[in-house]
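Below: the structure, in structure tokens.
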Amino acid sequence: SASSVSLRHCVMTLICLCLCWTDKGAILEIPALPVRTGSDVTLHCRERSGDTAAAFFSFNGRHVESDFKSELIITNIQQFHEGFYSCATDKSGTSTQSFLRVRGQSKLAKT
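Numbered according to mature numbering (1 follows the signal peptide of the UniProt record, and there is no 0), the sequence shown spans residues -22 to -1, 1 to 89.
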């Protein structure tokens, strides 16, 4: 949650993912930079060991799907996909919520 930011660790990787976790809980891999509308985005959930984990994914506090999956694929992302995401596994528990930012397509200048 936003109030637990001081307890949270985030690491920016070379491929611009933010890996967010607390001292306990799963790790959610989410783009660190805003994603453009129309693009596809894949969120991954990992155990603290680094292994990919089957998890429930949540968006703004609500489960996105009813099945355990190791990744959440959002195709043709739109502005309404912007918000807080988290994942929860049986073994590691729930990740911290991380904000996915969506920005519009850049408009080309008319010549």
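We put the beta carbon where it would ideally sit given N, CA and C, even for glycine.
Quick caveat: nothing in here was measured; it's all calculated off a predicted structure.
Within the segment 41 to 66, the runs of beta strand (DSSP E) at least 3 residues long that lie entirely inside it are, in chain order, 49 to 52.
The residue among Leu6, Pro12, Ile5 with its C-alpha nearest the C-alpha of Gly82 is Pro12. DSSP places Leu78 within a strand segment (E or B) once states are collapsed to three. Between Glu43 and His22, the C-beta gap is not smaller than 9 Å, which leaves the two residues out of contact. Scanning its chain for C-beta atoms nearer than 6 Å, with the 5 sequence neighbours on each side dropped, one finds around Phe34 the residues His41, Ala66, in chain order. Looking at the DSSP output, Gly39 sits in no beta bridge, so it has no partner there. In the displayed model, Pro12 falls within coil according to three-state DSSP, outside both helix and strand.
Taking Gly39 as reference, the option from Asp29, Thr72, Gly3 with the minimal CA-CA separation is Thr72.
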